[in-house]
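Encoded as structure tokens, the structure appears first; notes follow it.
In this note's numbering, the protein residues as written are 1303 to 1655.
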């Protein structure tokens, strides 16, 4: 009897030991996003119309520029699944690069560790020289040059691939086009068809000290969207004192342009706007659009240190749709390429959209 109990105890100890051995592997799978169910819950039949009814449109930006804010854009189970996966992927990622080699988050700037290139559009996604690049970003910002500091998710991560598939689905594109039609209502122009593929996409994490300088997404695509998945680890809503708001410039006739419409990164809220207005012909090169009207100037305010100690996460999914009728000249293509990522050697990354 005693021998039987000893054998059972030894067997239990071996089982526990085996379990403990696989815990690091489980953690790596979770961090890599491989445990996120590879499914896309479809938008319910009422989701697009409900989103359209609840959408808020800011019209005080001047020159026919408008911004739309849409709450509860994603099905709640999908928003929760993506947030959980992003938070798991963030575990152990040091703000100055510790564990960078195994993290799916890549520090992203528009400098390579110096301010020599000025406020270039060229994106650098790299796991090296993080402190130097962070300093250079802040120096560029202080000099009123275009700069940013943020983290982007690897493009083979499940959340990135699901985001791309979800926004390129027919139902989602239909919902977005419906929202864009409301956004441009009264402009006198028919809304052009949107591309079936996104012009660009990235998943971002703004940490303490990260920011995005004022800019216009002119070459990135025609319709820009930002889907916020920001909140605390225990489900708390984002607090304004954490910074990180998305701000737009208002240009009222006869008045000096000023920052307005400080939009907080509320969980599962979509922000939508045109990067250039509709032209009478409904098509043409980006230069023709530029002569007509550029979209609103916007920025992301610096995120404050409290997000780290309070365990809050400012995640966002940012992308652009293009119009099917758009014609890109070689100059247009070159400018758009600058906004895409380049790796350690300076070459274009292979995992671009």
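Beta carbons: idealized from backbone N, C-alpha and C, even for Gly. Note that the structure is a prediction, hence the values are computed from the model and not measured.
- prompt: Can you check whether the CB of residue 1597 is closer than 8 Å to the CB of residue 1571?
  reply: In the chain shown, the residue the question calls residue 1571 occupies position 269. In the chain shown, the residue the question calls residue 1597 occupies position 295. Taking 8 Å as the Cβ cut-off, residue 1571 and residue 1597 do not qualify as a contacting pair.
message: Going by beta-carbon coordinates alone, are residue 1470 and residue 1452 separated by less than 8 Å?
response: As a first step, residue 1470 must be located in the chain shown, where it is residue number 168. As a first step, residue 1452 must be located in the chain shown, where it is residue number 150. Cβ atoms of residue 1470 and residue 1452: not closer than 8 Å.
query: If you compare alpha carbons, which of 1615, 1436, 1496, 1375 is closest to residue 1514?
result: Numbered from its first residue, the chain shown carries residue 1514 at position 212. The shortest C-alpha separation from residue 1514 is found at 1436.
task: Please go through the same chain and pick out, in chain order, the residues whose beta-carbon is closer than 8 Å to the beta-carbon of residue 1635, but skip the five residues on each side of it.
output: On the chain shown, position 333 is the one that residue 1635 refers to. Taken in chain order, the list of residues that qualify is empty.
message: Let's see if you can read the secondary structure: which residues bound the beta strand (DSSP E) around residue 1616?
response: Here residue 1616 corresponds to residue number 314 of the chain shown, with the count starting at 1. Per DSSP, residue 1616 belongs to the beta strand (DSSP E) from 1614 to 1623.
Host alpha helix (DSSP H) of residue 1517 (start-end): Locating residue 1517 in the chain shown gives position 215, where the first residue counts as 1. Element bounds for residue 1517: not the alpha helix (DSSP H) but the beta strand (DSSP E), 1513 to 1517.
- prompt: Just checking my contact of residue 1481 with residue 1357 at CB under 8 Å: how many whole Å lie between their CB atoms?
  reply: Looking up residue 1481 in the chain shown gives position 179. Looking up residue 1357 in the chain shown gives position 55. Yes, they are in contact, since the Cβ atoms of residue 1481 and residue 1357 sit about 6 Å apart, within 8 Å.
query: Tell me the DSSP bridge mates of residue 1453?
result: Translated into positions along the chain shown, residue 1453 becomes position 151. Its beta-bridge partners are 1409, 1507.
message: Taking only three categories from DSSP, how would you classify residue 1537?
response: To locate residue 1537, count along the chain shown from 1; it is residue 235. Coil at residue 1537, not helix or strand.
- request: Could you check what DSSP says for residue 1597 in three-state terms: helix, strand or coil?
  value: Taking the chain shown and counting its residues from 1, one reaches residue 1597 at position 295. DSSP places residue 1597 in coil when its eight states are reduced to three.
query: Taking C-beta to C-beta, are residue 1511 and residue 1605 nearer than 8 Å?
result: Translated into the one-based positions of the chain shown, residue 1511 becomes position 209. Translated into the one-based positions of the chain shown, residue 1605 becomes position 303. Yes; because the gap between Cβ atoms is below 8 Å, this pair is in contact.
- request: Can you give me the Cβ contacts of residue 1516 inside the same chain, cut-off strictly under 6 Å, excluding the 5 residues immediately before and after it?
  value: Mapped onto the chain shown, residue 1516 falls at position 214. So the list reads 1599, 1601, once near-sequence residues are dropped.
message: Buried or exposed, going by whether 16 or more other CB atoms sit within 10 Å of the CB of residue 1476?
response: Counting from one through the chain shown, the residue named residue 1476 turns up at place 174. The residue in question, residue 1476, is exposed, as its Cβ has fewer than 16 Cβ neighbours within 10 Å.
field: Beta carbon of residue 1485 nearer than 8 Å to that of residue 1574
entry: Along the chain shown, one-based indexing puts residue 1485 at 183. Along the chain shown, one-based indexing puts residue 1574 at 272. Yes, they are a contact pair.
field: Buried/exposed call for residue 1522, threshold 16 Cβ in 10 Å
entry: Position 220 of the chain shown, counted from the start, is the residue given in the question as residue 1522. Per the 10 Å Cβ criterion, buried.
Among 1525, 1633, 1568, 1398, nearest to residue 1539 - alpha-carbon criterion: Here residue 1539 corresponds to residue number 237 of the chain shown, with the count starting at 1. Comparing Cα positions, the closest option is 1568.
message: Nearest by alpha-carbon distance to residue 1396: which of 1506, 1415, 1429 is it?
response: Taking the chain shown and counting its residues from 1, one reaches residue 1396 at position 94. Cα-wise, what sits closest to residue 1396 is 1429.
message: As a quick exercise: from 1551, 1526, 1536, 1564, pick the residue whose alpha carbon is nearest that of residue 1543.
response: As a working mapping, residue 1543 is identified with position 241 in the chain shown. The candidate whose alpha carbon is nearest that of residue 1543 is 1564.
message: So, for residue 1450: in the same chain, excluding its five sequence neighbours on each side, which residues have a beta-carbon less than 7 Å away from its beta-carbon?
response: Walking along the chain shown from the start, residue 1450 turns up at place 148. Around residue 1450: 1411, 1412, 1439, 1513, 1514, 1515.
message: Per DSSP, what are the beta-bridge partners of residue 1502 in this structure?
response: Here the question's residue 1502 lines up with position 200 in the chain shown. 1622.
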